[in-house]
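Peer 1: Everything in the sequence shown is counted per my numbering, starting at 58 for the first residue and increasing by one. Glycine is no exception: its CB is placed at the ideal position from the N, C-alpha and C atoms.
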Amino acid sequence: MPYLRALSAGQTVHQTVELVKAVRLQDDTTPIVFMTYLNPIMQYGFEKLVVHTENLIDGILILDAPYEYREQFKLRLTEKTCI
Numbered sequence: 058m059p060y061l062r063a064l065s066a067g068q069t070v071h072q073t074v075e076l077v078k079a080v081r082l083q084d085d086t087t088p089i090v091f092m093t094y095l096n097p098i099m100q101y102g103f104e105k106l107v108v109h110t111e112n113l114i115d116g117i118l119i120l121d122a123p124y125e126y127r128e129q130f131k132l133r134l135t136e137k138t139c140i
């Protein structure tokens, strides 16, 4: 599974954000969507992720985010034009 390869290779949220920054220097039109679980985001810091991905990503799928946090996440990400 891809996520296991990424984890075993030591991939981090920070490295992924840096990769997206590099891609955006070459291509600012292709939509980019993060697909992740909540734990890596919470370890990295939700607010930190929002700030670091501002105007870089077009969406984020948090696969195991509790439903009751949906509006809170959506509001904060929309404020920073992450979605």
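#1: If you measure between the beta carbons of V77 and L118, is that distance less than 7 Å?
#2: For D115 versus I89, is the C-beta distance shorter than 7 Å?
#3: DSSP has G116 in a bridge; who is on the other side?
#4: With DSSP as the reference, label Q129 as helix, strand or coil.
#5: For T69, name the three-state secondary structure that DSSP assigns.
#6: Using only the alpha-carbon positions, how far apart do T135 and V107 sit?
#7: Assuming A122 and L82 form a contact by the criterion Cβ under 8 Å, report the distance between their Cβ atoms to the nearest whole angstrom.
#8: Hey, how far is the Cα of R127 from the Cα of K105?
#9: So what's A63 in DSSP terms, helix, strand or just coil?
Peer 2: According to the data block:
#1: no
#2: yes
#3: V90
#4: helix
#5: In the structure shown, T69 adopts coil according to DSSP, grouped into three states.
#6: 10 Å
#7: With 8 Å as the limit, A122 and L82 do not qualify as a contact, their Cβ atoms being about 30 Å apart.
#8: 18 Å
#9: helix
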